[in-house]
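For the sequence shown, the working numbering gives the first residue as 6, with consecutive numbering after it.
Take a look at the structure set out below.
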Amino acid sequence: MLDNSSLAGNKAMVIGGSRGIGAAIVKRLTSEGATVAFTYVSHIDRAKTLVAGIESEGGRAIALHADSADASALERAIADGVKALGGLDLLVNNAGILIMGKAHEFSLEDFDKMLAINVRGVFVAAKAAARHLPRGGKILIIGSNTSERAMAPGSSIYGMTKAAVARLVRGLAWDLAANGISVINIQPGPTATDMNPSDSPHADWVRNANPQKRVADPDEIARFVTYLARPESTYINGASLTIDGGFSA
Numbered sequence: 006m007l008d009n010s011s012l013a014g015n016k017a018m019v020i021g022g023s024r025g026i027g028a029a030i031v032k033r034l035t036s037e038g039a040t041v042a043f044t045y046v047s048h049i050d051r052a053k054t055l056v057a058g059i060e061s062e063g064g065r066a067i068a069l070h071a072d073s074a075d076a077s078a079l080e081r082a083i084a085d086g087v088k089a090l091g092g093l094d095l096l097v098n099n100a101g102i103l104i105m106g107k108a109h110e111f112s113l114e115d116f117d118k119m120l121a122i123n124v125r126g127v128f129v130a131a132k133a134a135a136r137h138l139p140r141g142g143k144i145l146i147i148g149s150n151t152s153e154r155a156m157a158p159g160s161s162i163y164g165m166t167k168a169a170v171a172r173l174v175r176g177l178a179w180d181l182a183a184n185g186i187s188v189i190n191i192q193p194g195p196t197a198t199d200m201n202p203s204d205s206p207h208a209d210w211v212r213n214a215n216p217q218k219r220v221a222d223p224d225e226i227a228r229f230v231t232y233l234a235r236p237e238s239t240y241i242n243g244a245s246l247t248i249d250g251g252f253s254a
């Protein structure tokens, strides 16, 4: 059964919602009463399993296939999501990729791939969603604490894309203010997902570089996202909010 109804009646879309932080966000939003459409780019089995699990708990979720690197596909998915939901109150953009590599060795192909998903995809989704969001609607973007500090070699290009997102959010807050739409950038630190596996060569360093000596659980990020989606967070706008256990302190 649903935990509570703080988002009852809300219609939300999560871009990149089939696994990791995205799946945790979809689960949290539906547990609080929202109906959620989410996109996935691969592993349809994971998307179907997520929908089935939510429906078994009394919630409702809709899975839509879209690659955030494909602007037309992303725009179609948002239009299809709005139609299926019967409107839109919230967009959460969680789609992103991480390709590590020192700048002087980084391929132009990988550079363009990260820009397409991590920056252009954020812009395309925000632009498409803004056409449908009402006054009081929100756009929440999952960025990264690497926009604030490099912290490790090989993260320069990824961090650049997340810094671009942080700056875009500040501008979007001004551009969409007249429409009554708030835009917030959420900057997680290392989190236990496929992007940051516990058996990676750098796993021990990542844990020890955090004052809490651990990485985040995806649900910790999802709880913060859900708070920002609620009505009580109305005066937060244009901000980049870091949630990393002190990693970047």
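Where a beta carbon is used, it is the ideal one built from N, C-alpha and C, also for glycine.
In terms of Cβ geometry, N123 and P193 do not form a close pair [threshold 8 Å]. A Cβ-Cβ contact shorter than 8 Å links T231 with L34.
In this structure, A52 sits near Y45, with a CB-CB distance shorter than 8 Å. Only buried fits I147, as 16 or more other CB atoms lie within 10 angstroms of its CB. A Cβ-Cβ distance of about 4 Å is found for the pair A42 and G86, placing them in contact under the 8 Å criterion.
Taking a contact as a CB-CB distance under 8 Å, the pair I186 and I241 does not count as one, their CB atoms being some 13 Å apart. Only residues of its own chain outside the window of five on either side were considered, and among them T35, A66 have a CB closer than 6 Å to the CB of I59, listed in chain order. For K218, the secondary structure class from DSSP, reduced to helix, strand or coil, is coil. Rounded to the nearest whole angstrom, the CA to CA distance from G141 to V129 is 20 Å. Per DSSP, the unbroken beta strand (DSSP E) holding V19 starts and ends at 16-20. Inter-segment contact for the stretch 214-228 and the stretch 162-172 is absent: fewer than three beta-carbon pairs are separated by less than 8 Å.
Proximity of the stretch 200-213 to the stretch 234-251 falls short of the contact definition, fewer than three beta-carbon pairs being nearer than 8 Å.
One thing to note: L55 has its Cβ within 8 Å of the Cβ of V31. Within the same chain, Cβ atoms closer than 7 Å to the Cβ of S203 are found at A197, the five residues on either side in sequence being excluded. The closest CA to that of N15, considering only L138, S160, L181, is found on L138. Annotated three-state conformation of H70 is strand, per DSSP.
Annotated as distal: T166 and M105, with beta-carbon spacing of 8 Å or more.
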